[in-house]
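Worksheet for the structure shown next.
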Amino acid sequence: MKLALFDQYKIGVIEKDLIFDISAITSVVGDYSAQHQMNWLITEYNSLRDQIEKIVRMNPGIPVGKVKIRAPLPKPGKIICAAVNYLEFGTKSSCPLDAFIKSSNSVIGNGDTIELPSIPATVFHHEAELALVIGKTAKNVRAANSMDYIFGYTNFIDVSARGFSPLGPGRVSFFMVKSSDTFGPMGPCILTADEIDNPNNLDIKLWNNGELRHDFNTSDMGNKIPELIEYCSSITTLEPGDVISTGTNHQG
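Under UniProt numbering, the sequence shown has 251 at position 251, and the numbering climbs by one with no breaks.
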């Protein structure tokens, strides 16, 4: 199932070229933020799925082209990005496990504009990545059990400012180069985990003005998704609606 936010941050289901408004289901949550309502839906999804499917069956839907698609998680509690997590530039063995926090204020949605900040970067990179959405609270999860904690997957672009050293030669400030507002395009939807047989064998492609800029497969990850969840949950508690972005292949 493809879950999305649209127009005034109503929750919907996308099927082919239609979106179905299911916000009546989340109305019981009250007048909370779209992120809060999506977190609730993620937590309660298994018990709500039949109701959601019934709404989709009984309603005509709205053409996707007639609505504004928003980021499916407009302000996640945490965005954890895997750092240098692909076998690239001749690397043949596993990469060291490392990650960083990216500001949730960086998130923008489908078709929104990335605004370049006034910093002395020489280039701004678009890093296309597979991101996973946490479905239930996770702490000290073992890799063998980690896939049970994934609710779904979404597209994520980890925009990065390059070509300058704010902390001096050889030192990198991930916060400055990664967390500017609008540096986290996400979406257009969350695809529930049951739709993906093997997330470590997916093609990732990104085009810019019709030019193919990224073309790689998630099988090139140095640390696979189970190891990432084990690592992240060993450091901090993961909550429903949190995002782990799995890194990019800079050569792809």
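By construction, the Cβ of each residue, glycine as well, lies at the ideal position given by its N, Cα and C atoms. In this text the structure is predicted, and so the values were computed from the model without any measurement.
With residue i as the anchor, note down where its beta strand (DSSP E) starts and where it stops.
i: Tyr153; result: Ile150 to Ile157
i: Phe124; result: Val123 to His125
i: Ile204; result: Asp203 to Asn208
i: Phe6; result: Lys2 to Phe6
i: His250; result: Counting along the chain, His250 falls outside any beta strand (DSSP E), and DSSP gives it neither H nor E.
i: Val243; result: Val243 to Ser245
i: Asn217; result: Glu211 to Asn217
i: Glu129; result: Ala128 to Ile134
i: Phe183; result: No beta strand (DSSP E) holds Phe183; DSSP gives it neither H nor E.
i: Leu238; result: No beta strand (DSSP E) holds Leu238; DSSP gives it neither H nor E.
i: Ile190; result: Ile190 to Thr192
i: Ala138; result: Element bounds for Ala138: n/a, residue is neither H nor E.
i: Phe100; result: Ala99 to Ile101
i: Ser160; result: Ser160 to Arg162
Just the C-alpha distance for residue i and residue j, rounded to the nearest angstrom, thanks.
i: Gly177; j: Pro169; result: The sequence given here places Val at residue 177; Gly does not occur at that position. If you take the alpha carbons of Val177 and Pro169, they lie about 15 Å apart.
i: Thr236; j: Pro60; result: 43 Å
i: Arg57; j: Val133; result: 26 Å
i: Ala144; j: Pro226; result: 7 Å
i: Thr26; j: Leu87; result: 42 Å
i: Ile101; j: Phe175; result: 8 Å
i: Ile229; j: Thr137; result: 12 Å
i: Asp98; j: Ile62; result: 42 Å
i: residue 262; j: Met38; result: Since the first residue of the chain shown is 1 and the last is 252, residue 262 is not available in this structure.
i: Ser103; j: Leu116; result: 16 Å
i: Ile22; j: Pro120; result: 45 Å
i: Ser146; j: Cys95; result: 19 Å
i: Trp40; j: Gly109; result: 20 Å
i: Asn223; j: Gln51; result: 37 Å
i: Ser179; j: Ile79; result: 10 Å
i: Glu44; j: Asp220; result: 33 Å
i: Ser233; j: Gly30; result: 30 Å
i: Ala128; j: Asp181; result: 17 Å
i: Ser173; j: Asn249; result: 20 Å
i: Asp148; j: Asp197; result: 13 Å
i: Gly77; j: Phe216; result: 29 Å
i: Gly111; j: Val141; result: 36 Å
Got a sec: is the Cβ-Cβ distance from residue i to anything in chain D below 7 Å?
i: Asp158; result: The structure shown contains no chain D, having only a single protein chain.
If contacts are defined as beta-carbon pairs under 8 Å, then residue i and residue j qualify, I think. What distance do you get, rounded to the angstrom?
i: residue 273; j: Ala82; result: The first residue shown for the chain is 1 and the last is 252, placing residue 273 beyond what the model contains.
i: His240; j: Phe156; result: For the record, residue 240 in the displayed sequence is Pro; it is not His. Their Cβ separation, rounded to whole angstroms, is 17 Å, which puts Pro240 and Phe156 out of contact at 8 Å.
i: Val243; j: Ala161; result: That belief does not hold up - the Cβ atoms of Val243 and Ala161 are roughly 20 Å apart, past 8 Å.
i: Pro185; j: Tyr153; result: Not confirmed; about 15 Å, so no contact.
i: Leu18; j: Val64; result: 7 Å
i: residue 277; j: His214; result: As shown, the chain starts at 1 and ends at 252. That puts residue 277 outside it, with no answer to give.
i: Ser106; j: Phe183; result: 4 Å
i: Val159; j: Ile114; result: 6 Å
i: Ile55; j: Phe20; result: 6 Å
i: Val84; j: Phe6; result: With a Cβ gap of about 35 Å, Val84 and Phe6 do not count as contacting.
In the DSSP assignment, find the unbroken alpha helix (DSSP H) run with residue i in it and report its ends.
i: Val177; result: Phe174 to Lys178
i: Glu227; result: Ile225 to Ile235
Could I get the ranges of all uninterrupted beta strand (DSSP E) runs contained in the region 16 to 91, with 3 residues as the minimum, in chain order?
18 to 21 and 79 to 82
Taking 8 Å as the cut-off, does the region 206 to 217 touch the region 7 to 23 (at least 3 CB pairs, one atom from each stretch)?
no
Could you say if the region 183 to 190 and the region 64 to 75 meet the contact criterion of at least three C-beta pairs nearer than 8 Å?
yes
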